[in-house]
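A.B. asks: Be aware that the sequence shown starts at 1, since it is given in the UniProt record's numbering, and climbs by one per residue.
For every residue, glycine included, the Cβ atom is placed at its ideal position computed from N, Cα and C.
Here you go, one structure.
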Amino acid sequence: MTRRADFLAANRGLRIARPGFVLLALANGGLGTRYGITVTKKIGNAVVRNRMKRRFRALLRDALPAEGLPDHDHVLIGREGGVERDFALLRQELSVALRRAADGKGDPPRRSGGRNKPRKGQRADPRSGSGAPGSVPAP
Numbered sequence: 001m002t003r004r005a006d007f008l009a010a011n012r013g014l015r016i017a018r019p020g021f022v023l024l025a026l027a028n029g030g031l032g033t034r035y036g037i038t039v040t041k042k043i044g045n046a047v048v049r050n051r052m053k054r055r056f057r058a059l060l061r062d063a064l065p066a067e068g069l070p071d072h073d074h075v076l077i078g079r080e081g082g083v084e085r086d087f088a089l090l091r092q093e094l095s096v097a098l099r100r101a102a103d104g105k106g107d108p109p110r111r112s113g114g115r116n117k118p119r120k121g122q123r124a125d126p127r128s129g130s131g132a133p134g135s136v137p138a139p
């Protein structure tokens with residue numbers, strides 16, 4: 001997977017959290033078994049992130065042909081503990097996560113809705129005036 005839209009779509013699928021990663025799985029309508037990897041800057045510098053991506057790539061190449069869901073997109077999102085975790089333990093966690101995904105047993109979906117605060121320059125409620133603290137709405 002290389003397109004941002006594919007990664008965003010995977011967020012609507014099953015979500016299985018493990019200590020080293022989060023697995024997202026979503027049916028892709030006959031495009032085959034595909035995978036993508038996401039590791040954010042919160043995890044570490046470029047060297048650390050690339051090491052984690054290499055480890056995840058090796059895990060997925062090993063596990064997906066036998067245990068992956070057919071015609072599904074699989075996305076691994078790196079978590080902070082994933083860099084130091086033992087490779088065999090990550091492999092075992094991935095197997096468990098793929099089995100849970102195959103059984104349709106994901107974690108509860110994330111709440112949808114988006115932003116809780118208004119964007120910069122927008123009012124929370126158009127009827128409430130400026131929105132500045134201590135301001136009184138016009139009569």
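Just to confirm my understanding: we take MET52, look at its own chain, exclude 5 residues before and 5 after, and list those with CB closer than 7 Å. What are they?
C.D. replies: Taken in chain order, the residues that qualify are VAL39, ILE43, GLY78, GLY82, VAL83.
A.B. asks: Compute the Euclidean distance between the alpha carbons of PRO65 and GLN92, then round it to the nearest angstrom.
C.D. replies: 15 Å
A.B. asks: Tell me the residue span of the beta strand (DSSP E) that contains ASP86.
C.D. replies: Element bounds for ASP86: n/a, residue is neither H nor E.
A.B. asks: Would you kindly work out how many angstroms separate the C-alpha atoms of PRO19 and LEU31, rounded to a whole number?
C.D. replies: CA-CA distance, PRO19 to LEU31, rounds to 29 Å.
A.B. asks: The alpha helix (DSSP H) with VAL47 in it runs from where to where?
C.D. replies: 46-67
A.B. asks: Which residues in the same chain as PHE87 place their Cβ atom closer than 7 Å to its Cβ, once the five residues preceding and following it in sequence are excluded?
C.D. replies: Short of 7 Å from the beta carbon of PHE87, and not among the five residues preceding or following it, lie these beta carbons of its own chain, in chain order: ARG55.
A.B. asks: Counting only the same chain and skipping the five closest in sequence on each side, list residues whose C-beta sits under 7 Å from that of SER95.
C.D. replies: Result list for SER95: ALA63, GLU67, in chain order.
A.B. asks: Only counting the same chain, and skipping five residues up and downstream in sequence, which positions put a Cβ closer than 6 Å to that of ARG15?
C.D. replies: LEU24, GLY106, ASP107
A.B. asks: In whole angstroms, what is the alpha-carbon distance linking ALA58 and LEU8?
C.D. replies: ALA58 and LEU8 have their C-alpha atoms roughly 23 Å apart.
A.B. asks: If you count every other CB in all the chains shown that lies within 10 Å of the CB of residue 161, and 16 or more means buried, which is it?
C.D. replies: An answer regarding residue 161 cannot be provided, because it is not within the stretch 1 to 139 covered by the chain.
A.B. asks: How far does the beta strand (DSSP E) with ASP34 in it reach, from first residue to last?
C.D. replies: Residue 34 is actually Arg in this sequence, not Asp. Per DSSP, ARG34 belongs to the beta strand (DSSP E) from 34-38.
A.B. asks: So, helix, strand or coil for GLY78, using DSSP?
C.D. replies: strand
A.B. asks: Quick one, which of GLY13, ARG3, PHE21 has its alpha-carbon nearest LEU76's?
C.D. replies: PHE21
A.B. asks: Please list, in chain order, all residues of the same chain as GLY36 whose beta carbon is under 6 Å from its beta carbon, the five residues on each side excluded.
C.D. replies: MET1, PHE7, VAL75
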